[in-house]
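Data block below; observations after.
2 protein chains.
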Amino acid sequence: MARIVMKFGGTSMAGIERIRSVAARVKREVSAGNQVAVVVSAMAGETDRLVGFCREASSLYDAREYDVVVATGEQVTSGLLALALQSLGVPARSWLGWQLPIRTNDAHASARIEDIDTAALDAALSSGEVAVIPGFQGVSDNDRISTLGRGGSDTSAVAIAAAMKADRCDIYTDVDGVYTTDPRIVPRARKLKRVTYEEMLELASVGAKVLQTRSVGLAMKTGVRIQVLSSFDDPNNSATADTLPGTMIVGDDEIGDDMERQLITGIAHDKNEAKITLTSVPDKPGAVARIFSPLAAVNINVDMIIQNIAHSTGSTDVTFTVPQAELSRALDVLEKARADVGYETLVHDTKVAKVSVVGVGMRSHAGVASTMFTALADRGINIQAISTSEIKVSVLIEEDYTELAVRVLHTAYGLDAEEAA
Amino acid sequence: MARIVMKFGGTSMAGIERIRSVAARVKREVSAGNQVAVVVSAMAGETDRLVGFCREASSLYDAREYDVVVATGEQVTSGLLALALQSLGVPARSWLGWQLPIRTNDAHASARIEDIDTAALDAALSSGEVAVIPGFQGVSDNDRISTLGRGGSDTSAVAIAAAMKADRCDIYTDVDGVYTTDPRIVPRARKLKRVTYEEMLELASVGAKVLQTRSVGLAMKTGVRIQVLSSFDDPNNSATADTLPGTMIVGDDEIGDDMERQLITGIAHDKNEAKITLTSVPDKPGAVARIFSPLAAVNINVDMIIQNIAHSTGSTDVTFTVPQAELSRALDVLEKARADVGYETLVHDTKVAKVSVVGVGMRSHAGVASTMFTALADRGINIQAISTSEIKVSVLIEEDYTELAVRVLHTAYGLDAEEAA
Numbered sequence: 034m035a036r037i038v039m040k041f042g043g044t045s046m047a048g049i050e051r052i053r054s055v056a057a058r059v060k061r062e063v064s065a066g067n068q069v070a071v072v073v074s075a076m077a078g079e080t081d082r083l084v085g086f087c088r089e090a091s092s093l094y095d096a097r098e099y100d101v102v103v104a105t106g107e108q109v110t111s112g113l114l115a116l117a118l119q120s121l122g123v124p125a126r127s128w129l130g131w132q133l134p135i136r137t138n139d140a141h142a143s144a145r146i147e148d149i150d151t152a153a154l155d156a157a158l159s160s161g162e163v164a165v166i167p168g169f170q171g172v173s174d175n176d177r178i179s180t181l182g183r184g185g186s187d188t189s190a191v192a193i194a195a196a197m198k199a200d201r202c203d204i205y206t207d208v209d210g211v212y213t214t215d216p217r218i219v220p221r222a223r224k225l226k227r228v229t230y231e232e233m234l235e236l237a238s239v240g241a242k243v244l245q246t247r248s249v250g251l252a253m254k255t256g257v258r259i260q261v262l263s264s265f266d267d268p269n270n271s272a273t274a275d276t277l278p279g280t281m282i283v284g285d286d287e288i289g290d291d292m293e294r295q296l297i298t299g300i301a302h303d304k305n306e307a308k309i310t311l312t313s314v315p316d317k318p319g320a321v322a323r324i325f326s327p328l329a330a331v332n333i334n335v336d337m338i339i340q341n342i343a344h345s346t347g348s349t350d351v352t353f354t355v356p357q358a359e360l361s362r363a364l365d366v367l368e369k370a371r372a373d374v375g376y377e378t379l380v381h382d383t384k385v386a387k388v389s390v391v392g393v394g395m396r397s398h399a400g401v402a403s404t405m406f407t408a409l410a411d412r413g414i415n416i417q418a419i420s421t422s423e424i425k426v427s428v429l430i431e432e433d434y435t436e437l438a439v440r441v442l443h444t445a446y447g448l449d450a451e452e453a454a
Numbered sequence: 034m035a036r037i038v039m040k041f042g043g044t045s046m047a048g049i050e051r052i053r054s055v056a057a058r059v060k061r062e063v064s065a066g067n068q069v070a071v072v073v074s075a076m077a078g079e080t081d082r083l084v085g086f087c088r089e090a091s092s093l094y095d096a097r098e099y100d101v102v103v104a105t106g107e108q109v110t111s112g113l114l115a116l117a118l119q120s121l122g123v124p125a126r127s128w129l130g131w132q133l134p135i136r137t138n139d140a141h142a143s144a145r146i147e148d149i150d151t152a153a154l155d156a157a158l159s160s161g162e163v164a165v166i167p168g169f170q171g172v173s174d175n176d177r178i179s180t181l182g183r184g185g186s187d188t189s190a191v192a193i194a195a196a197m198k199a200d201r202c203d204i205y206t207d208v209d210g211v212y213t214t215d216p217r218i219v220p221r222a223r224k225l226k227r228v229t230y231e232e233m234l235e236l237a238s239v240g241a242k243v244l245q246t247r248s249v250g251l252a253m254k255t256g257v258r259i260q261v262l263s264s265f266d267d268p269n270n271s272a273t274a275d276t277l278p279g280t281m282i283v284g285d286d287e288i289g290d291d292m293e294r295q296l297i298t299g300i301a302h303d304k305n306e307a308k309i310t311l312t313s314v315p316d317k318p319g320a321v322a323r324i325f326s327p328l329a330a331v332n333i334n335v336d337m338i339i340q341n342i343a344h345s346t347g348s349t350d351v352t353f354t355v356p357q358a359e360l361s362r363a364l365d366v367l368e369k370a371r372a373d374v375g376y377e378t379l380v381h382d383t384k385v386a387k388v389s390v391v392g393v394g395m396r397s398h399a400g401v402a403s404t405m406f407t408a409l410a411d412r413g414i415n416i417q418a419i420s421t422s423e424i425k426v427s428v429l430i431e432e433d434y435t436e437l438a439v440r441v442l443h444t445a446y447g448l449d450a451e452e453a454a
């Protein structure tokens with residue numbers, strides 16, 4: 034017997050037929066003798082609808098009332114899943130955020146979970162009842178409904194798994210696991226059996242959107258074992274999730290001895306970056322701070338930064354990337370800072386992409402970056418910027434070369450499977 | 034300064050534009066110096082949508098989970114109205130059933146309010162904040178969300194008005210008051226300035242669906258003054274509700290001295306009745322009990338009952354009415370009771386209507402019923418059954434004559450206004 038959390042996203046909850054299919058899947062785990070808590074998202078599209086209402090109702094935006102409205106999406110699906118489970122003969126009840134309670138701080142609309150009281154949950158699970166918990170929501174210190182921000186249901190699931198000391202947190206998604214790269218680009222991408230938290234964090238942060246980054250960070254911190262599985266259920270399949278071929282996300286220690294493991298775990302890409310260059314910035318102390326301080330002040334995340342060596346004129350060019358969604362705000366801020374920074378021209382380019390190779394194996398192996406640079410150079414792909422972390426090397430290239438670069442690197446690091454995925 | 038409850042139905046909350054218009058109306062009362070609590074329904078159609086989901090999800094129907102799902106409709110509109118009020122500069126917050134709390138019993142899906150804690154509400158209102166409260170919902174003894182049954186928002190409003198000792202409970206509806214009869218049938222129907230609780234109860238129970246019957250009963254018990262007003266707001270109108278021409282629903286004592294008052298307050302009609310006749314029922318003790326006991330056992334309300342005088346054969350015919358919605362269940366029960374009752378044939382007729390004259394003045398005046406019978410006979414309208422209460426006389430007639438009967442009676446009792454309403 035294991036204690037597991039199962040988390041289902043909005044696509045899995047979109048309509049009664051799908052909710053019934055989720056119920057069947059939960060029943061399999063219960064029938065296998067497991068204690069199960071289920072965390073659910075709102076029906077696909079519902080949160081957008083509710084957010085739209087709030088925006089229309091008020092430009093002032095009181096996040097506490099916003100939370101009252103948007104938390105209803107998950108409340109509906111948790112009640113419906115409890116009903117669907119009952120109709121399959123599985124004892125079940127919904128537990129809303131304020132009922133457990135799931136305590137959060139007062140940062141409404143992007144609250145952080147502070148504490149989960151598991152007394153009621155433990156009692157329910159021990160009695161053989163399935164606990165259905167709306168994701169994304171909690172209750173703040175002043176007893177008002179709070180939400181965790183978009184995509185927060187993954188975080189809810191991991192936090193609940195940690196609090197109830199679950200053996201596993203199974204996240205059911207549109208894909209059936211984490212792949213070495215996007216199979217739509219590289220048909221011979223391989224599904225990974227195991228990936229470390231850190232690798233998953235790097236992959237998520239560079240565009241492999243299987244899990245919300247925050248939930249992976251929480252899992253790493255609390256040691257929750259996450260399994261990524263496909264939500265497309267074969268009704269004739271009687272397998273429980275511990276025998277399904279998903280991807281486990283675990284700590285370094287669990288895969289330390291895996292001799293078969295590749296040096297590189299995966300290749301990720303991200304087309305949502307924009308490149309900004311300031312030319313002829315005075316090459317003197319404080320110049321760079323005057324560029325990035327005003328951006329930080331308005332919460333714009335700057336990613337790859339390159340400062341060229343100074344020209345003979347005593348000035349330099351500074352290039353960096355920001356998310357495309359923040360580009361116009363960033364340009365606005367930089368225009369205003371022109372006199373202060375003293376740059377000559379401000380140019381930007383959205384036709385860029387970031388391609389990254391990720392893997393914990395990198396720590397103990399030299400030469401990973403040079404393999405990357407050589408492979409790209411051999412195909413005539415120009416590198417516009419480079420950034421590295423302990424387990425990742427990213428390059429910025431012209432957007433049109435994205436798929437080519439991903440394929441070239443997938444082959445260069447020996448990740449291609451024998452057959453197409 | 035007065036303390037008032039304003040209640041808005043689903044039509045008033047159907048979309049952000051309408052919610053904004055409600056907010057403007059609330060603002061007028063606040064600007065006039067009133068302390069205001071607002072009770073809201075779900076957006077028109079939303080509760081039906083949620084009920085549909087529940088029915089699809091489970092035929093077993095756990096009313097506790099049903100309540101979790103359907104209570105979200107009012108949660109959404111209460112958050113949105115709070116936002117809309119804030120954007121007009123009116124301090125406001127939503128108070129969910131579990132937050133006040135509004136305590137109910139455990140009869141989920143048709144719960145009764147047991148207690149409302151007004152400490153938080155008093156503090157909020159005294160600080161000048163508008164309290165927006167979702168109607169229809171509360172929290173049961175075991176801290177689960179409960180709902181009061183369809184149309185429960187009127188009851189919520191009256192219960193909250195009673196608990197907070199409000200000076201008035203203003204119910205905004207699709208009509209602008211209570212009329213002497215349906216103005217679509219009698220254009221010269223007059224709007225009543227005042228009507229007693231008992232009259233309103235009788236009018237509601239015979240088809241004048243302005244207010245939920247239960248809410249009127251509660252208002253009578255607790256002495257809450259209800260005002261029925263139109264929810265169609267003229268944005269250029271700066272009047273507060275105490276000067277608007279709605280209908281006040283009050284106690285007998287408040288209208289006791291009204292010399293201008295008509296003998297009859299109104300004429301109501303109801304086409305949702307069905308007539309059932311059992312022929313040749315043995316005319317002996319206990320026979321009638323054997324008919325009505327099995328109907329009562331399955332909660333079918335029987336209304337008008339006539340037992341004809343016994344035939345020479347020692348048997349009699351028994352006729353009564355049930356709501357049309359219950360007809361097939363009633364026939365089913367009666368078929369099964371055939372041997373026990375010993376009747377000969379079972380016939381039914383849905384082409385009937387009940388027309389009623391209602392008025393507290395009846396108590397002190399004889400001749401009300403005979404005026405009715407004479408007026409109907411003069412136009413050749415046959416009376417199939419009669420029932421009376423202290424302040425009401427109802428007759429069952431052929432459905433096709435309904436509008437004619439209503440017009441004839443409206444004139445016979447001198448209710449016609451000088452001009453069309």
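So the sequence lines, in the order shown, correspond to chains A and B. The first sequence begins at 34 in the numbering used here and counts up one residue at a time. The second sequence begins at 34 in the numbering used here and counts up one residue at a time. From the three backbone atoms N, C-alpha and C, an ideal C-beta is built for every residue, glycine too. Only a predicted model underlies this, so the values are computations on that prediction, with no experimental measurement involved.
According to DSSP, residues forming a beta bridge with Ala-164 of chain A: As a first step, residue 164 of chain A must be located in the first sequence, where it is residue number 131. Paired residue(s): A:Ala-70, A:Arg-126.
Residue-chain proximity (Phe-169 of chain A, chain B), Cβ-Cβ < 9 Å: Residue numbering aside, residue 169 of chain A sits at position 136 when the first sequence is read from its first letter. Judged by the 9 Å Cβ criterion, Phe-169 of chain A is not in contact with chain B.
For Leu-442 of chain A and Met-292 of chain A, the rounded distance between their alpha carbons: Reading the first sequence from its first residue, position 259 is the one you call residue 292 of chain A. Reading the first sequence from its first residue, position 409 is the one you call residue 442 of chain A. Caution applies to Met-292 of chain A, whose pLDDT of 49 falls short of 50 and renders its modelled position unreliable; the model cannot decide the point.
N-terminal and C-terminal residue of the beta strand (DSSP E) that Val-380 of chain B is part of: Looking up residue 380 of chain B in the second sequence gives position 347. For Val-380 of chain B, the uninterrupted beta strand (DSSP E) segment begins and ends at 379-382.
Sequence-distant residues of its chain with Cβ nearer than 8 Å to Leu-234 of chain B (five each side left out): Here residue 234 of chain B refers to the residue found at position 201 of the second sequence. Around Leu-234 of chain B: Thr-246, Val-249, Gly-250, Met-253.
Length of the line joining the Cα atoms of Val-219 of chain B and Arg-440 of chain B: Start at 1 with the first residue of the second sequence, and residue 219 of chain B comes out as number 186. Start at 1 with the first residue of the second sequence, and residue 440 of chain B comes out as number 407. Cα to Cα, Val-219 of chain B sits roughly 6 Å from Arg-440 of chain B.
Residues that Leu-116 of chain A contacts on chain B, provided the C-beta gap is smaller than 7 Å: As a working note, residue 116 of chain A is residue 83 in the first sequence. Near Leu-116 of chain A (Cβ distances below 7 Å), the residues of chain B are Cys-87, Ala-90, Ser-91, Asp-95, Glu-98.
Cβ-based neighbour list, Leu-364 of chain B, same chain, cut-off 8 Å, excluding 5 preceding and 5 following: Within the second sequence, numbered from 1, the residue matching residue 364 of chain B stands at position 331. These residues qualify, in order along the chain: Ile-309, Leu-379, His-381.
Nearest to Ile-419 of chain A (by Cα), restricted to the options A:Asp-411, A:Ser-389, A:Cys-87: Here the question's residue 419 of chain A lines up with position 386 in the first sequence. Nearest of A:Asp-411, A:Ser-389, A:Cys-87 to Ile-419 of chain A, Cα basis: A:Ser-389.
Gln-108 of chain A - DSSP class collapsed to helix/strand/coil: Counting from 1 along the first sequence, the entry for residue 108 of chain A is found at position 75. Three-state result, Gln-108 of chain A: helix.
Coil, strand or helix - Ala-75 of chain A by DSSP: Mapped onto the first sequence, residue 75 of chain A falls at position 42. Correct three-state label for Ala-75 of chain A: coil.
Contained beta strand (DSSP E) runs [length at least 3] in the stretch 385-438 of chain A, N- to C-terminal order: 385-391, 418-422, 425-431
Three-state secondary structure (DSSP) of Met-197 of chain A: Locating residue 197 of chain A in the first sequence gives position 164, where the first residue counts as 1. Three-state DSSP puts Met-197 of chain A in coil, outside helix and strand.
Beta carbon of Val-123 of chain A nearer than 9 Å to that of Val-55 of chain A: Locating residue 123 of chain A in the first sequence gives position 90, where the first residue counts as 1. Locating residue 55 of chain A in the first sequence gives position 22, where the first residue counts as 1. No.
Start-end ranges of the beta strand (DSSP E) lying completely within the stretch 309-378 of chain A, minimum 3 residues: 338-340, 348-356
Residue span of the alpha helix (DSSP H) that contains Leu-286 of chain A, given as start and end: Along the first sequence, read from residue 1 onward, the residue named residue 286 of chain A stands at position 253. Just to set this straight, residue 286 of chain A is Asp in the shown sequence, not Leu. 285-288 is the extent of the alpha helix (DSSP H) around Asp-286 of chain A.
Per-residue DSSP class, three states only, for His-443 of chain A: As a working note, residue 443 of chain A is residue 410 in the first sequence. Helix at His-443 of chain A.
Any C-beta of chain A under 9 Å from that of Gly-182 of chain B: Counting from one through the second sequence, the residue named residue 182 of chain B turns up at place 149. Answer no: the Cβ-Cβ gap between Gly-182 of chain B and chain A never drops below 9 Å.
Rounded separation between Ala-274 of chain B and Ala-47 of chain B - CA only: On the second sequence, residue 274 of chain B is found 241 positions in, with the first residue counted as 1. On the second sequence, residue 47 of chain B is found 14 positions in, with the first residue counted as 1. Looking at the two C-alpha atoms, the distance is approximately 22 Å.
Collapsed DSSP secondary structure at Val-102 of chain B in the structure displayed: Here residue 102 of chain B refers to the residue found at position 69 when the second sequence is read from its first residue. DSSP, read as helix, strand or coil, puts Val-102 of chain B in helix.
For Arg-221 of chain B and Glu-452 of chain B, the rounded distance between their alpha carbons: Translated into positions along the second sequence, residue 452 of chain B becomes position 419. Translated into positions along the second sequence, residue 221 of chain B becomes position 188. Cα to Cα, the separation comes out at about 6 Å.
Assigned secondary structure, Arg-247 of chain A (DSSP; H/G/I helix, E/B strand, else coil): For the purposes of this step, residue 247 of chain A is identified with residue 214 of the first sequence, where counting begins at 1. If DSSP states are grouped into helix, strand and coil, Arg-247 of chain A belongs with the helices.
Residues of the stretch 414-426 of chain A whose Cβ lies closer than 9 Å to any Cβ of chain B, in chain order: none
Whole-angstrom C-beta distance between Glu-107 of chain B and Phe-169 of chain B, which should lie under 8 Å: On the second sequence, position 136 is the one that residue 169 of chain B refers to. On the second sequence, position 74 is the one that residue 107 of chain B refers to. The C-beta separation of Phe-169 of chain B from Glu-107 of chain B comes to about 5 Å, placing the pair in contact by the 8 Å criterion.
Same chain, Cβ closer than 7 Å to Ala-117 of chain A, five either side skipped, listed in chain order: For the purposes of this step, residue 117 of chain A is taken as residue 84 along the first sequence, with counting starting at 1. Annotation for Ala-117 of chain A: Ile-52, Arg-53, Ala-56 place their beta carbon closer than 7 Å to its own, counting only its chain and skipping 5 residues before and after.
7 Å Cβ cut-off: residues of chain A touching Ile-49 of chain B: Here residue 49 of chain B is taken as the residue at index 16 of the second sequence, counted from 1. The answer, in chain order, is Phe-86, Glu-89, Ala-90.
Below-9 Å beta-carbon distance, Gly-112 of chain A vs any chain B residue: The residue you call residue 112 of chain A lines up with position 79 of the first sequence. Judged by the 9 Å Cβ criterion, Gly-112 of chain A is in contact with chain B.
Distance, Val-321 of chain B Cα to Val-374 of chain B Cα: One-based indexing of the second sequence puts residue 374 of chain B at position 341. One-based indexing of the second sequence puts residue 321 of chain B at position 288. Rounded to whole angstroms, Val-374 of chain B to Val-321 of chain B spans 8 Å at the Cα level.
Candidates A:Gly-394, A:Lys-387, A:Arg-88, A:Met-395: closest to Asn-415 of chain A by CA position: Within the first sequence, residue 415 of chain A is the residue found at index 382, counting from 1. Taking only the C-alpha atoms, the option nearest Asn-415 of chain A is A:Lys-387.
Other residues of its chain near Asp-150 of chain A: CB distance less than 7 Å, five sequence neighbours each side excluded: Your numbering for residue 150 of chain A matches position 117 in the first sequence. Around Asp-150 of chain A: Leu-133, Pro-134.
C-alpha gap between Ile-259 of chain A and Arg-201 of chain A, whole angstroms: The sequence position of residue 259 of chain A within the first sequence is 226, counting from 1. The sequence position of residue 201 of chain A within the first sequence is 168, counting from 1. Going from the Cα of Ile-259 of chain A to the Cα of Arg-201 of chain A covers about 6 Å.
Simplified DSSP assignment, three categories, for Tyr-230 of chain B: Taking the first residue of the second sequence as position 1, residue 230 of chain B is located at position 197. Note: Tyr-230 of chain B maps to helix in three-state DSSP.
Chain-ordered chain B contacts of Val-355 of chain A [CB-CB under 7 Å]: The count along the first sequence starts at 1 and reaches residue 355 of chain A at position 322. Going along chain B, no residue has its Cβ under 7 Å from Val-355 of chain A, so there is no contact; the nearest lies around 31 Å.
Backbone secondary structure at Lys-40 of chain A - three-state DSSP: Against the first sequence, residue 40 of chain A aligns to sequence position 7. Looking at Lys-40 of chain A - three-state DSSP - the assignment turns out to be strand.
DSSP-derived helix/strand/coil call for Ala-144 of chain B: Residue numbering aside, residue 144 of chain B sits at position 111 when the second sequence is read from its first letter. Coil at Ala-144 of chain B, not helix or strand.
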